[in-house]
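**Student:**
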Amino acid sequence: MNKIREILNTVLENRGKPQINSISDSSDLRNDFGLDSLDLAELTVRIEAEYDVDIFQDGIVTTVGEILEKINNKK
Amino acid sequence: MNKLFYKDTIAGLEVSYEQLLTDVTNETTYSLFCKSDSYYTVFKQIILSILIGQEIILLDADFSNDEIGKLLGEDFLKAEVTRTIEPLGKIKFSDIHERIQANKDSWRITLFTSGTTGLPKKISHTIDSISRFVKREDNRKDNIWGFAYNPTHMAGLQVFFQAFINQNAIIRLFGVDRTTIFDLINKYRITNLSATPTFYRFLLPADHVCDSVLNLTSGGERFDENTLHLMQQIFVNSKIRNVYASTEAGTLFASKGDVFTLKPEMFGVVKIIDNELYLHRSLMGESESLNLIDDWYATGDLIAVQTEVPLTFTFISRKTGMINTGGYKVNPTEVEDVIRTCNGVKDVYVYGKKNSLIGNIVCCEIVRSDDCLTEKKVREFLQFKLQEYKIPRMVTFVESLATTRTGKILRSQ
Numbered sequence: 086m087n088k089i090r091e092i093l094n095t096v097l098e099n100r101g102k103p104q105i106n107s108i109s110d111s112s113d114l115r116n117d118f119g120l121d122s123l124d125l126a127e128l129t130v131r132i133e134a135e136y137d138v139d140i141f142q143d144g145i146v147t148t149v150g151e152i153l154e155k156i157n158n159k160k
Numbered sequence: 012m013n014k015l016f017y018k019d020t021i022a023g024l025e026v027s028y029e030q031l032l033t034d035v036t037n038e039t040t041y042s043l044f045c046k047s048d049s050y051y052t053v054f055k056q057i058i059l060s061i062l063i064g065q066e067i068i069l070l071d072a073d074f075s076n077d078e079i080g081k082l083l084g085e086d087f088l089k090a091e092v093t094r095t096i097e098p099l100g101k102i103k104f105s106d107i108h109e110r111i112q113a114n115k116d117s118w119r120i121t122l123f124t125s126g127t128t129g130l131p132k133k134i135s136h137t138i139d140s141i142s143r144f145v146k147r148e149d150n151r152k153d154n155i156w157g158f159a160y161n162p163t164h165m166a167g168l169q170v171f172f173q174a175f176i177n178q179n180a181i182i183r184l185f186g187v188d189r190t191t192i193f194d195l196i197n198k199y200r201i202t203n204l205s206a207t208p209t210f211y212r213f214l215l216p217a218d219h220v221c222d223s224v225l226n227l228t229s230g231g232e233r234f235d236e237n238t239l240h241l242m243q244q245i246f247v248n249s250k251i252r253n254v255y256a257s258t259e260a261g262t263l264f265a266s267k268g269d270v271f272t273l274k275p276e277m278f279g280v281v282k283i284i285d286n287e288l289y290l291h292r293s294l295m296g297e298s299e300s301l302n303l304i305d306d307w308y309a310t311g312d313l314i315a316v317q318t319e320v321p322l323t324f325t326f327i328s329r330k331t332g333m334i335n336t337g338g339y340k341v342n343p344t345e346v347e348d349v350i351r352t353c354n355g356v357k358d359v360y361v362y363g364k365k366n367s368l369i370g371n372i373v374c375c376e377i378v379r380s381d382d383c384l385t386e387k388k389v390r391e392f393l394q395f396k397l398q399e400y401k402i403p404r405m406v407t408f409v410e411s412l413a414t415t416r417t418g419k420i421l422r423s424q
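The listed protein sequences derive, respectively, from chains A and B. The numbering of the first sequence is the working numbering, which starts it at 86 and goes up by one. The numbering of the second sequence is the working numbering, which starts it at 12 and goes up by one.
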């Protein structure tokens, strides 16, 4: 979870958006963190570089919990 | 006549056609160049330029001074490009079509597109070439348009003209968050939506229904079957079509699903050589930097012919090294040239990495000459030098760049 927060903060920092201190399974990537298409795409690339999983391969991912599920399924 | 012209929740703006005409006809300055964050200002300046029959040059609001300097020469930044004009006085909307026709020989609209080598190209269009697909018909007068493009790009202009000429309302959806997009579509009962596949994918998952949309158009990149299928679940009453448009030629073809059919009026002005689409110069905007071979322009778009008579085809890919990211074309050479000017960069390679959300994402590899150089520093350096969509979203530091046997940087990833 901390690693995901770190990656999210890198994406947010790159776009000059405010950093986040805490995330939970139900945190919504678009509504809670304000990520747009480009940010989501960047998030995919960074998560893929770290975990070798394309989180959007089978459709859009909405929450942090769904990202963790994709990563855990891969393991 | 108090029909809504434009609604913009980001700018907090709602303008009727009556207000629009008042604003335009009271205007006392004309500017050759149009560069504004305000979509409404861009629309007003375009309409004014048509009414007075003068050229307008559209610049993206986020062009940096460095980019403009390169495009137009340093002189532009100092040049006198606005002048005082007499207010036009009262004009009725019904007079506008006549004005357009009267000024069609003197009016030009100029925009920029990423060139395949070096600098972006400057392309000028007449009213005929920019509005080739624009239709003015009685049964279109109640259409309401979702505006999901940048207004200074070809696709945005197409939507603007189509809506304006039929006196339709335009509701801004570009840059608006997902929940608000659905709220706006349903609240204003938007009937027509034109956007990139990236925009449509951003609306997923298909957990909303928008039954007011009757025509959904996609352009700028390939629309995959899966997204297409899911869009039908959201836009339950909508016909879905693809368009092929380019900054150089405007809108040219439309298709149902993936397959484009050549209309009879396009016979003789479109040809295919080695699977590449060629357009005759009569279809093109005016530009000094278009490379024409015997009056034919090579689009760089590779297609697969489905049937010879009538000619039907699908688009396969781009021949050139341009990166299509969310419908924007990025020239890697242009980005590399700017990154090379950053302190601590020895060499750089910019490429598109395939991405399921936006088609391709711009990434780069950098060979450092200074180990203190970080991704953050590169980004800060580029922030005011390049438009946001051109800035690599992921930087990797490497010992050396992958090159082909001829010494060229390997473009495909």
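In this text, a Cβ means the ideal position worked out from N, Cα and C, and glycines have one as well.
(1) For residue 172 (chain B) versus residue 141 (chain B), is the C-beta spacing smaller than 8 angstroms?
(2) In chain order, what residues of the same chain lie with their CB nearer than 8 angstroms to the CB of residue 30 (chain B), ignoring the 5 residues before and after it?
(3) May I have the straight-line CA-CA distance separating residue 96 (chain A) from residue 122 (chain A), to the nearest angstrom?
(4) What is the DSSP secondary structure of residue 158 (chain A), counted as helix, strand or coil?
(5) Could you tell me whether the region 175-190 of chain B touches the region 111-127 of chain A, using the rule of 3 or more Cβ pairs below 8 angstroms?
(6) Verify whether the separation of the beta carbon atoms of residue 350 (chain B) and residue 375 (chain B) is less than 8 angstroms.
(7) Listing by chain order, which chain B residues have their CB less than 8 angstroms from the CB of residue 114 (chain A)?
(8) Out of B:74, B:66 and B:98, which has the shortest C-alpha to C-alpha gap to residue 92 (chain B)?
(9) Quick check: residue 256 (chain B) and residue 166 (chain B), are their CB atoms within less than 8 angstroms of each other?
(10) Using the Cα positions of residue 103 (chain B) and residue 156 (chain B), report the straight-line distance between them to the nearest angstrom.
(11) Taking only the alpha-carbon atoms, compute the straight-line gap between residue 184 (chain B) and residue 97 (chain B) and give it to the nearest angstrom.
(12) Does the beta carbon of residue 16 (chain B) come closer than 8 angstroms to any beta carbon on chain A?
(13) Which residues bound the alpha helix (DSSP H) around residue 240 (chain B)?
(14) Between the alpha carbons of residue 113 (chain B) and residue 164 (chain B), how many angstroms are there, rounded?
(15) Please compile the residues from chain A whose C-beta is within a distance smaller than 8 angstroms of the C-beta of residue 368 (chain B).
(16) Between which two residues does the beta strand (DSSP E) harbouring residue 158 (chain B) extend?
(17) Measuring straight from C-alpha to C-alpha, what distance separates residue 235 (chain B) and residue 219 (chain B)?
(18) So is residue 159 (chain B) buried or exposed if we call it buried at 16+ other beta carbons inside 10 Å?
(19) Measure the alpha-carbon distance for residue 272 (chain B) versus residue 137 (chain B) and round it to whole angstroms.
(20) Would residue 287 (chain B) and residue 310 (chain B) be called neighbours here (beta carbons separated by less than 8 angstroms)?
(21) Flag this pair as yes or no: are the beta carbons of residue 18 (chain B) and residue 199 (chain B) separated by less than 8 angstroms?
(22) Report the rounded CA-to-CA distance for residue 300 (chain B) versus residue 278 (chain B), giving the unit in angstroms.
(23) Do the CB positions of residue 242 (chain B) and residue 127 (chain A) come within less than 8 angstroms of each other?
(24) For residue 26 (chain B), which residues in the same chain have their Cβ closer than 7 angstroms to its Cβ, ignoring the five residues on either side in sequence?
(25) In this structure, does DSSP put residue 15 (chain B) in helix, strand or coil?
(26) Could you work out which residues of chain B lie near residue 99 (chain A), taking near to mean beta carbons separated by less than 9 angstroms?
(27) May I ask you to verify whether the region 100-109 of chain A touches the region 332-343 of chain B, counting CB pairs closer than 8 angstroms and requiring at least 3?
(28) Could you spell out the range, first to last residue, of the beta strand (DSSP E) harbouring residue 181 (chain B)?
(29) Would you list, in chain order, the members of the region 184-197 of chain B that have their beta-carbon closer than 9 angstroms to a beta-carbon of chain A?
(30) Looking at the C-beta of residue 337 (chain B), does it have a partner C-beta in chain E at a distance below 8 angstroms?
(31) Find the residues of chain A that neighbour residue 234 (chain B), judging by a C-beta separation of less than 7 angstroms, and give them in chain order.
(32) Are residue 145 (chain A) and residue 216 (chain B) close, meaning C-beta to C-beta below 8 angstroms?
(33) Work out the CA separation of residue 161 (chain B) and residue 159 (chain A) for me, nearest whole Å.
(34) Using CA coordinates, which residue listed in B:227, B:289 and B:298 is at the minimum distance from residue 267 (chain B)?
(35) Who does residue 307 (chain B) pair with in a DSSP beta bridge?
(36) Take residue 385 (chain B) as the anchor and find which of B:362, B:121, B:363 and B:354 has the nearest alpha-carbon.
**Tutor:** Let's see:
(1) One-based indexing of the second sequence puts residue 172 (chain B) at position 161. One-based indexing of the second sequence puts residue 141 (chain B) at position 130. Yes.
(2) Numbered from 1 along the second sequence, position 19 holds the residue referred to as residue 30 (chain B). Around residue 30 (chain B): 16.
(3) Here residue 96 (chain A) is taken as the residue at index 11 of the first sequence, counted from 1. Here residue 122 (chain A) is taken as the residue at index 37 of the first sequence, counted from 1. Residue 96 (chain A) and residue 122 (chain A): Cα-Cα distance of roughly 12 angstroms.
(4) Taking the first sequence and counting its residues from 1, the one referred to as residue 158 (chain A) is at position 73. DSSP places residue 158 (chain A) in helix when its eight states are reduced to three.
(5) yes
(6) Position 339 of the second sequence, counting from 1, holds the residue named residue 350 (chain B). Position 364 of the second sequence, counting from 1, holds the residue named residue 375 (chain B). In contact: residue 350 (chain B) and residue 375 (chain B) (Cβ atoms closer than 8 angstroms).
(7) Position 29 of the first sequence holds residue 114 (chain A). Residues of chain B passing the Cβ test: none, with the nearest at roughly 10 angstroms.
(8) Taking the second sequence and counting its residues from 1, the one referred to as residue 92 (chain B) is at position 81. Closest option to residue 92 (chain B), Cα to Cα, is B:66.
(9) Taking the second sequence and counting its residues from 1, one reaches residue 256 (chain B) at position 245. Taking the second sequence and counting its residues from 1, one reaches residue 166 (chain B) at position 155. Going by C-beta atoms, residue 256 (chain B) is nearer than 8 angstroms to residue 166 (chain B).
(10) One-based indexing of the second sequence puts residue 103 (chain B) at position 92. One-based indexing of the second sequence puts residue 156 (chain B) at position 145. Roughly 22 angstroms between the two C-alpha positions.
(11) Position 173 of the second sequence, counted from the start, is the residue given in the question as residue 184 (chain B). Position 86 of the second sequence, counted from the start, is the residue given in the question as residue 97 (chain B). Distance between the alpha carbons of residue 184 (chain B) and residue 97 (chain B): 35 angstroms.
(12) Position 5 of the second sequence, counting from 1, holds the residue named residue 16 (chain B). So no, residue 16 (chain B) is outside the interface.
(13) Position 229 of the second sequence, counting from 1, holds the residue named residue 240 (chain B). Taken as a continuous stretch (DSSP letters only), the alpha helix (DSSP H) holding residue 240 (chain B) covers 236-245.
(14) Numbered from 1 along the second sequence, position 102 holds the residue referred to as residue 113 (chain B). Numbered from 1 along the second sequence, position 153 holds the residue referred to as residue 164 (chain B). Cα-Cα distance, rounded: 25 angstroms.
(15) Numbered from its first residue, the second sequence carries residue 368 (chain B) at position 357. Chain A residues near residue 368 (chain B): 122, 125, 126, 129, 141 and 145.
(16) Locating residue 158 (chain B) in the second sequence gives position 147, counting from the first residue. Here the beta strand (DSSP E) through residue 158 (chain B) covers 155-158.
(17) On the second sequence, position 224 is the one that residue 235 (chain B) refers to. On the second sequence, position 208 is the one that residue 219 (chain B) refers to. C-alpha separation (whole angstroms): 20 angstroms.
(18) In the second sequence, residue 159 (chain B) corresponds to position 148, counting from 1. By the neighbour-count rule (16 or more Cβ atoms within 10 Å), residue 159 (chain B) is buried.
(19) The residue you call residue 272 (chain B) lines up with position 261 of the second sequence. The residue you call residue 137 (chain B) lines up with position 126 of the second sequence. Computed Cα separation, rounded: 25 angstroms.
(20) Stepping through the second sequence from its first residue, residue 287 (chain B) is reached at position 276. Stepping through the second sequence from its first residue, residue 310 (chain B) is reached at position 299. Yes; because the gap between Cβ atoms is below 8 angstroms, this pair is in contact.
(21) Walking along the second sequence from the start, residue 18 (chain B) turns up at place 7. Walking along the second sequence from the start, residue 199 (chain B) turns up at place 188. Contact: yes.
(22) On the second sequence, residue 300 (chain B) is found 289 positions in, with the first residue counted as 1. On the second sequence, residue 278 (chain B) is found 267 positions in, with the first residue counted as 1. Distance between the alpha carbons of residue 300 (chain B) and residue 278 (chain B) is about 26 angstroms.
(23) One-based indexing of the second sequence puts residue 242 (chain B) at position 231. One-based indexing of the first sequence puts residue 127 (chain A) at position 42. No. Outside cutoff.
(24) Looking up residue 26 (chain B) in the second sequence gives position 15. For residue 26 (chain B), where only same-chain residues beyond five positions count, the Cβ hits under 7 angstroms are 16, 17 and 51.
(25) Numbered from its first residue, the second sequence carries residue 15 (chain B) at position 4. DSSP places residue 15 (chain B) in strand when its eight states are reduced to three.
(26) Taking the first sequence and counting its residues from 1, the one referred to as residue 99 (chain A) is at position 14. Here the neighbours are 386, 387, 390, 402 and 404.
(27) no
(28) Residue mapping note: residue 181 (chain B) aligns to position 170 of the second sequence, counting from 1. Note, residue 181 (chain B): beta strand (DSSP E), 180-183.
(29) 186, 188, 189 and 190
(30) Of the protein chains in the structure, A and B, none is chain E.
(31) Taking the second sequence and counting its residues from 1, one reaches residue 234 (chain B) at position 223. The premise fails here: residue 234 (chain B) is roughly 15 angstroms from chain A at the closest Cβ pair, so nothing lies under 7 angstroms.
(32) Counting from 1 along the first sequence, the entry for residue 145 (chain A) is found at position 60. Counting from 1 along the second sequence, the entry for residue 216 (chain B) is found at position 205. Yes, these two residues count as a Cβ contact at 8 angstroms.
(33) The count along the first sequence starts at 1 and reaches residue 159 (chain A) at position 74. The count along the second sequence starts at 1 and reaches residue 161 (chain B) at position 150. Rounded to whole angstroms, residue 159 (chain A) to residue 161 (chain B) spans 38 angstroms at the Cα level.
(34) Locating residue 267 (chain B) in the second sequence gives position 256, counting from the first residue. Minimum Cα distance to residue 267 (chain B) is reached at B:227.
(35) Working through the second sequence from its first residue, we reach residue 307 (chain B) at position 296. DSSP, once it has assigned bridges, lists B:291 and B:304 as partnering residue 307 (chain B).
(36) Position 374 of the second sequence, counting from 1, holds the residue named residue 385 (chain B). Closest by alpha carbon: B:354.
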